[in-house]
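I have placed the structure first, in the form of structure tokens, so that the comments after it can refer back to it.
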Amino acid sequence: MKTLYVVRHAKSSWEYHELPDMDRPLKGRGIRDAHLMASWLQDLLSTAPVLYSSPATRTLHTAMIFARTLGIPLDEVRVAESLYSASHLDIATFLRGIQGEPGSIMLFGHNPGMSEFITDCVPGFTENLPTGGVAVLQFEISSWNDLRSEAELRYFDFPKNQKN
């Protein structure tokens with residue numbers, strides 16, 4: 477059995493119009509929301525997952541907030557260029573290529589790929605993964621190489637829901 481934590485980057489800033497998309501930072505609200513969701517997730521983890529992040533500033537910052545909150549050294553956050561603008565198919569291909577067979581992986585990325593990946597894997601799931609949102613999927617596989625598109629949705633939550 478393999479567990480995948482799908483995390484969409486927290487709310488980013490559009491304040492700096494001159495910055496390329498790759499370099500957009502998190503808003504203050506995004507930083508607070510990332511801390512909120514990481515704290516929520518901390519209670520659900522039994523073992524530390526392997527963290528992979530898109531190289532985009534907002535995504536990497538989100539991953540670092542989660543790593544610090546979960547007690548994972550920052551130098552263990554792995555940057556994966558292929559997660560920037562990844563489609564749902566790109567995400568599946570990325571996961572099938574994971575070496576070392578970790579029991580759980582946490583991916584930090586972008587929409588629409590993240591939401592579409594979850595929709596592909598979880599029958600009947602039609603939600604959009606909001607900024608800062610987390611979905612926890614469980615796959616009945618022994619190797620990431622065997623990943624197919626059927627998973628059980630264990631948890632799904634997002635900042636606005638946590639604040640209510």
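The numbering of the sequence shown is my numbering, which starts it at 477 and goes up by one. Idealized CB from N, CA, C, for every residue including glycine.
Between which residues of its own chain and residue i is the CB-CB distance below 7 Å, once the five residues before and five after are set aside?
| i | result |
| --- | --- |
| S619 | E577 |
| S591 | N604, L605 |
| L629 | V598, F601, A611, L613 |
| E626 | C597 |
Can you tell me which of the three DSSP states residue i falls into?
| i | result |
| --- | --- |
| Q459 | As displayed, the chain neither begins before 477 nor continues past 640, which places residue 459 out of reach and without an answer. |
| E552 | helix |
| M582 | strand |
| A568 | helix |
| L623 | coil |
| F593 | helix |
| T545 | helix |
| L605 | coil |
| E628 | strand |
Assign residue i to one of two classes, buried (16 or more other C-beta atoms within 10 Å of its C-beta) or exposed (fewer than that).
| i | result |
| --- | --- |
| H493 | exposed |
| R484 | buried |
| L550 | exposed |
| K478 | buried |
| L517 | buried |
| T607 | buried |
| G573 | exposed |
| L565 | exposed |
Among the residues of its own chain, which have a CB less than 8 Å from the CB of residue i, if the five just before and after it don't count?
| i | result |
| --- | --- |
| W490 | R500 |
| M498 | P531, A532, T533, Y560 |
| G609 | V483, R484, M513, F632, D633, F634, P635 |
| K639 | L512 |
| A568 | F593, D596, L623, S625 |
| S515 | T545 |
For residue i, which residues of its own chain have a beta-carbon under 6 Å away from its beta-carbon, when the five flanking residues on both sides are left out?
| i | result |
| --- | --- |
| T538 | H485, A486, A510, F584 |
| S580 | T479, P525 |
Let me know the beta strand (DSSP E) ranges lying completely inside the region 481–541, each 3 residues or longer, listed in chain order.
-> 526–529
Check whether the region 554–568 touches the region 501–508, taking contact to mean three or more Cβ pairs, one atom from each stretch, closer than 8 Å.
-> no
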